[in-house]
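Enquirer: Got a structure for you, written out below as C-alpha cells; questions coming shortly.
Protein chains in written order, with my numbering: chain V, 1 to 248; chain Y, 249 to 555.
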C-alpha cells in the first residue's frame with residue numbers, strides 16, 4: 001500500500017547535495033535529491049485491536065482504503081491534515097508514531113456522518129474517530145480535549161437530573177476550560193436577545209438556572225446509569241491493559 | 249390530507265426548553281392553528297444527544313428508549329419530534345433495539361433497574377415535525393390555509409446532518425416518489441413552496457454546521473457556518489429555513505462570531521420552518537416567537553408584510 005509513503009517525502013526526510021559528482025556526472029543540487037531510507041521498527045501490533053475494542057471502533061477491520069470518508073469530510077476541507085482514511089490505514093498497519101503526529105486534531109471530528117453515509121464497507125468511520133480520540137486520551141498520548149470536557153459536563157447533568165439546561169452546560173464548560181464568559185461575540189448575542197425578550201420570558205430563563213429542569217422520579221434510573229458507566233469505564237481500561245483503579 | 253398523525257405524542261427535548269424555545273413555541277402554535285392535537289410526553293428525559301453517545305452509545309440508546317416507552321405507556325403509536333438530534337437518537341434507538349442484541353441487553357438491564365418496562369422495538373413510530381405537517385396537512389391542505397403568502401421570499405432550506413444520516417436508521421426514506429430523500433431532502437422545500445415561498449437551489453442542504461463542537465471547537469464551527477451563510481447569500485436567499493435547534497442557534501451564534509472574529513458580515517435571516525409556516529397561515533411574528541430567536545429578523549419580516 002503506497003499511502004504511507006507520503007511520510008517519506010516530508011522535507012526532513014529528503015537530502016540534497018549541493019555539490020555531488022557520481023561516476024563523472026555532475027548531479028549537484030536538485031539532481032541529487034534522495035529520500036533517506038527508513039526501516040519501520042516501531043509497529044504497534046495491538047493498536048487495531050485496542051481501538052476496535054472501544055465503542056465505535058468495532059468495524060475498523062472492514063476498511064479497504066477507498067478514501068470515500070476523507071473525500072466526504074467537511075473538516076478535511078478546512079484542514080487537509082484531518083484524514084480519516086490515512087488514520088485508519090496507520091492504525092491497521094500499526095504505525096503508531098505516524099498516527100501520533102496528528103494526535104491533537106483527531107478529536108475535531110464533527111460527527112456529521114458524511115463518512116458513514118459514503119462508506120461502502122460500513123466501517124462507520126465516525127465511530128472510529130471517536131474510538132481513536134478516546135484511545136489517545138486513555139493511553140496518555142493527549143490531555144483531555146475540550147470536546148471530552150463538554151461531553152462529560154453534559155452527561156453528568158443528564159445522569160443527575162435526566163435533563164440538561166443548556167445555559168448551565170455553557171457556563172460550566174467555559175469555567176472548566178478556563179475561558180472567559182465575556183467574549184465579545186457572546187456579549188453581542190446576549191445583549192441583542194435581552195433587548196427583544198419580554199420580561200416574563202427572561203424571568204423564566206433566569207429561574208431555570210435556579211431551579212434546574214429535572215425528570216420526575218429519575219433517582220433509580222440515574223443510579224442504574226452511574227453504575228453502568230463505572231462498569232463500562234473499567235471494561236475499556238481493562239481492554240487496553242490499563243490499571244482499572246487508575247480511572248478518573 | 250390523509251387523516252394520519254392528527255393526534256401525536258410530542259417529545260420536545262432539552263434544547264426546546266432552553267435555547268430552542270422559539271422552535272417549541274412555533275411548533276405548538278402551528279399545530280394548534282392547523283387543528284392538530286399534540287400531547288407532551290410525561291416525565292420525558294434527555295435523548296442522550298451526541299454527548300452521551302460519545303461516553304457510551306448503548307447508554308444513549310437506553311435514554312432514548314425510555315422516552316419511547318413513555319409514549320407506548322401513554323397509548324400512542326407515534327411520537328413527533330422537532331429537534332433533529334432527538335429525532336435521530338430515537339430513530340437510532342429503534343434501529344439498535346431491533347438489530348443489536350448487545351443494545352437490547354443494556355436497555356433491558358437499565359430499564360428494569362430504573363423500574364419501567366423495556367421498550368419493545370416497533371411499538372412506536374418516531375416522526376420529525378416535517379413528516380407530521382407533510383402527512384397530516386400536506387401541501388394542498390396548507391395551500392388552502394395560507395393567509396399571508398410567503399410570495400417573493402427567497403429561502404434556502406437547510407436540513408443539517410442528523411435528519412438524513414446515517415441512512416440505515418431511516419428505513420422509510422429513499423423509497424421513491426412521495427418519500428423523503430437522504431441525499432436531496434425536500435419535505436421542507438415542499439411545505440414552504442406550498443406556503444408561497446420561492447426556494448433557491450441550495451447545494452448545502454445537508455452540509456454540517458459543526459454543531460457537535462459549537463463551543464469546544466468554535467473556530468471550526470464558525471468556518472463551517474460561514475460557508476453555509478455565504479453560499480445561501482450567493483444563491484440569492486434572504487432567509488435560511490431551519491428544522492433543528494442546534495443548527496439554528498449554531499447559525500445564529502456563528503453568524504455573530506464570524507463578524508466579530510473573522511470580520512465577515514452576512515445578513516441572511518435565520519428562521520425555523522415552523523415560524524415561516526405559522527406566519528403564512530396568519531399567526532403573528534410574536535406568536536411564533538420571532539423575538540425569541542437569538543438573531544433579529546422582525547424588521548425584515550415587517551417590511552415583507554409578514555408578522
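Ideal placement from N, C-alpha and C gives every residue a C-beta, glycine not left out.
(1) Could you tell me which chain Y residues have their CB closer than 7 Å to the CB of residue 117 of chain V, listed as they occur along the chain?
(2) At a CB distance below 8 Å, what residues from the stretch 49 to 66 of chain V approach chain Y? Give them in sequence order.
(3) Excluding the five sequence neighbours on either side, which residues of its own chain have a C-beta within less than 7 Å of the C-beta of residue 141 of chain V, listed in chain order?
(4) Tell me which residues share the same chain as residue 116 of chain V and place their Cβ nearer than 7 Å to its Cβ, disregarding the 5 neighbours each side in the sequence.
(5) Looking at the C-beta of residue 489 of chain Y, does it have a partner C-beta in chain V at a distance below 8 Å?
(6) Between which residues of its own chain and residue 541 of chain Y is the CB-CB distance below 6 Å, once the five residues before and five after are set aside?
(7) Can you tell me whether residue 148 of chain V is helix, strand or coil according to DSSP?
(8) List, in chain order, every chain V residue whose beta-carbon is nearer than 9 Å to that of residue 556 of chain Y.
(9) By DSSP, does residue 249 of chain Y sit in helix, in strand, or in coil?
(10) Report the residue from Y/307, Y/293, Y/256 and Y/268 whose alpha carbon sits nearest the alpha carbon of residue 283 of chain Y.
(11) When you compare the CB of residue 427 of chain Y with every CB in chain V, is at least one pair closer than 8 Å?
(12) Terminal residues of the continuous beta strand (DSSP E) containing residue 487 of chain Y?
(13) Mind checking residue 165 of chain V: buried by the 16 CB within 10 Å criterion, or exposed?
(14) Using only CA atoms, which one of Y/397, Y/442 and Y/363 lies nearest to residue 389 of chain Y?
(15) Give the single residue among V/158, V/52, V/130 and V/212 whose Cα lies nearest to the Cα of residue 209 of chain Y.
(16) Need the endpoints of the beta strand (DSSP E) that residue 75 of chain V sits in, please.
(17) To the nearest angstrom, report how far apart residue 305 of chain Y and residue 17 of chain V are at their CA atoms.
(18) Which residues, in chain order, does the stretch 104 to 116 of chain V contribute to contact with chain Y at a C-beta distance below 9 Å?
(19) Distance check for residue 432 of chain Y and residue 453 of chain Y, CA to CA, integer angstroms please.
(20) Using the beta-carbon of each residue, which ones in chain Y are nearer than 9 Å to residue 146 of chain V?
(21) On the DSSP letters alone, give me the boundaries of the alpha helix (DSSP H) that residue 533 of chain Y sits inside.
(22) To which residues does DSSP link residue 326 of chain Y through a beta bridge?
(23) Going by C-alpha to C-alpha distance, which of Y/545, Y/398, Y/479 and Y/525 sits closest to residue 276 of chain Y?
(24) Can you tell me which of V/86, V/42 and V/182 puts its alpha carbon nearest to the alpha carbon of residue 65 of chain V?
(25) Reducing DSSP to helix, strand and coil, say where residue 255 of chain Y ends up.
(26) Given a cut-off of 8 Å, decide if residue 161 of chain V and residue 51 of chain V are closer than it, judged by their beta-carbon atoms.
(27) Which word fits residue 1 of chain V, buried or exposed, when buried means at least 16 other C-beta atoms lie within 10 angstroms of its C-beta?
(28) Would you identify the three-state DSSP class for residue 169 of chain V, choosing helix, strand or coil?
(29) Would you say residue 554 of chain Y reaches chain V, if we count a Cβ-Cβ gap shorter than 8 Å as a contact?
(30) With 16 other CB atoms within 10 Å as the buried threshold, where does residue 543 of chain Y fall?
(31) Below 8 Å between beta carbons: does that hold for residue 444 of chain Y and residue 519 of chain Y?
(32) Could you confirm whether any beta carbon from chain Y is found closer than 8 Å to the beta carbon of residue 24 of chain V?
(33) Between the Cα of residue 465 of chain Y and those of V/171, V/240, V/15 and V/146, spot the shortest distance and give me the residue it belongs to.
(34) Determine whether the beta carbon atoms of residue 493 of chain Y and residue 113 of chain V lie at a separation below 8 Å.
(35) Give the single residue among V/37, V/31, V/171 and V/76 whose Cα lies nearest to the Cα of residue 149 of chain V.
(36) For the putative contact between residue 491 of chain Y and residue 378 of chain Y, defined by C-beta atoms under 8 Å, what is the C-beta separation to the nearest angstrom?
Expert: Reading off the structure:
(1) Against the first chain, residue 117 of chain V aligns to sequence position 117. Here the neighbours are 413, 414 and 415.
(2) For the stretch 49 to 66 of chain V, which is checked against every Cβ of chain Y, the residues closer than 8 Å are 55 and 56.
(3) Position 141 of the first chain, counting from 1, holds the residue named residue 141 of chain V. Result list for residue 141 of chain V: 100 and 103, in chain order.
(4) Translated into positions along the first chain, residue 116 of chain V becomes position 116. Short of 7 Å from the beta carbon of residue 116 of chain V, and not among the five residues preceding or following it, lie these beta carbons of its own chain, in chain order: 124, 125 and 126.
(5) One-based indexing of the second chain puts residue 489 of chain Y at position 241. So no, residue 489 of chain Y is outside the interface.
(6) In the second chain, residue 541 of chain Y corresponds to position 293, counting from 1. Leaving aside the five residues that flank residue 541 of chain Y on each side, the residues in its chain whose CB is nearer than 6 Å to its CB run, in chain order, 270.
(7) Position 148 of the first chain, counted from the start, is the residue given in the question as residue 148 of chain V. Three-state DSSP puts residue 148 of chain V in a helix.
(8) Residue 556 of chain Y lies beyond the residue range present for chain Y, which begins at 249 and ends at 555; the question has no answer from this structure.
(9) Within the second chain, numbered from 1, the residue matching residue 249 of chain Y stands at position 1. Only weak support is given to the placement of residue 249 of chain Y: the predicted model assigns it a pLDDT of 48, under 50, and the question is left unresolved by the model.
(10) Translated into positions along the second chain, residue 283 of chain Y becomes position 35. Among Y/307, Y/293, Y/256 and Y/268, the Cα nearest to that of residue 283 of chain Y is on Y/256.
(11) Counted from its first residue, the second chain places residue 427 of chain Y at position 179. For residue 427 of chain Y, the answer is no, since every Cβ of chain V falls outside 8 Å of its Cβ.
(12) To locate residue 487 of chain Y, count along the second chain from 1; it is residue 239. Residue 487 of chain Y -> beta strand (DSSP E) spans 487 to 490.
(13) Here residue 165 of chain V refers to the residue found at position 165 of the first chain. Around the beta-carbon of residue 165 of chain V, 16 or more other beta-carbon atoms lie within 10 Å, marking it buried.
(14) Translated into positions along the second chain, residue 389 of chain Y becomes position 141. The shortest C-alpha separation from residue 389 of chain Y is found at Y/442.
(15) Here chain Y has residues from 249 to 555 only, and residue 209 of chain Y is not among them.
(16) Along the first chain, read from residue 1 onward, the residue named residue 75 of chain V stands at position 75. Per DSSP, residue 75 of chain V lies in no beta strand (DSSP E) segment; the continuous alpha helix (DSSP H) that holds it begins and ends at 74 to 78.
(17) Residue mapping note: residue 305 of chain Y aligns to position 57 of the second chain, counting from 1. Residue mapping note: residue 17 of chain V aligns to position 17 of the first chain, counting from 1. Cα to Cα, the separation comes out at about 55 Å.
(18) Taking 9 Å as the Cβ-Cβ cut-off, the stretch 104 to 116 of chain V approaches chain Y at 107, 108, 109, 110, 111, 112, 113, 114 and 116, given in chain order.
(19) The residue given as residue 453 of chain Y occupies position 205 in the second chain. The residue given as residue 432 of chain Y occupies position 184 in the second chain. The alpha-carbon atoms of residue 453 of chain Y and residue 432 of chain Y are separated by roughly 7 Å.
(20) Here the question's residue 146 of chain V lines up with position 146 in the first chain. Using a Cβ-Cβ cut-off of 9 Å, residue 146 of chain V is close to 461, 463, 464 and 465 of chain Y, given in chain order.
(21) Start at 1 with the first residue of the second chain, and residue 533 of chain Y comes out as number 285. Counting along the chain, residue 533 of chain Y falls outside any alpha helix (DSSP H), and DSSP gives it neither H nor E.
(22) For this step, residue 326 of chain Y is matched to residue 78 along the second chain. Under the DSSP definition of a beta bridge, residue 326 of chain Y partners with Y/373.
(23) Mapped onto the second chain, residue 276 of chain Y falls at position 28. When only C-alpha atoms are compared, the closest one is Y/525.
(24) Stepping through the first chain from its first residue, residue 65 of chain V is reached at position 65. Nearest option by C-alpha distance: V/86.
(25) Translated into positions along the second chain, residue 255 of chain Y becomes position 7. Looking at residue 255 of chain Y - three-state DSSP - the assignment turns out to be strand.
(26) Numbered from 1 along the first chain, position 51 holds the residue referred to as residue 51 of chain V. Numbered from 1 along the first chain, position 161 holds the residue referred to as residue 161 of chain V. Contact flag unset, no.
(27) The residue labelled residue 1 of chain V in the question sits at position 1 within the first chain. Only weak support is given to the placement of residue 1 of chain V: the predicted model assigns it a pLDDT of 44, under 50, and the value that follows is read from those uncertain coordinates. Exposed.
(28) As a first step, residue 169 of chain V must be located in the first chain, where it is residue number 169. Correct three-state label for residue 169 of chain V: helix.
(29) As a first step, residue 554 of chain Y must be located in the second chain, where it is residue number 306. Interface with chain V (8 Å Cβ-Cβ cutoff): residue 554 of chain Y is excluded.
(30) Here residue 543 of chain Y is taken as the residue at index 295 of the second chain, counted from 1. The residue in question, residue 543 of chain Y, is buried, as its Cβ has 16 or more Cβ neighbours within 10 Å.
(31) Walking along the second chain from the start, residue 444 of chain Y turns up at place 196. Walking along the second chain from the start, residue 519 of chain Y turns up at place 271. No; because the gap between Cβ atoms is not below 8 Å, this pair is not in contact.
(32) On the first chain, position 24 is the one that residue 24 of chain V refers to. Proximity of residue 24 of chain V to chain Y, defined by a Cβ-Cβ separation below 8 Å, is not satisfied.
(33) On the second chain, residue 465 of chain Y is found 217 positions in, with the first residue counted as 1. Selected option, being the one with the closest Cα: V/146.
(34) Your numbering for residue 493 of chain Y matches position 245 in the second chain. Your numbering for residue 113 of chain V matches position 113 in the first chain. Result no, Cβ atoms of residue 493 of chain Y and residue 113 of chain V do not sit closer than 8 Å.
(35) Indexing the first chain from 1 puts residue 149 of chain V at position 149. Of V/37, V/31, V/171 and V/76, the residue nearest in Cα terms is V/171.
(36) Taking the second chain and counting its residues from 1, the one referred to as residue 491 of chain Y is at position 243. Taking the second chain and counting its residues from 1, the one referred to as residue 378 of chain Y is at position 130. About 6 Å separates the beta carbon of residue 491 of chain Y from that of residue 378 of chain Y, a gap short enough to meet the 8 Å contact definition.
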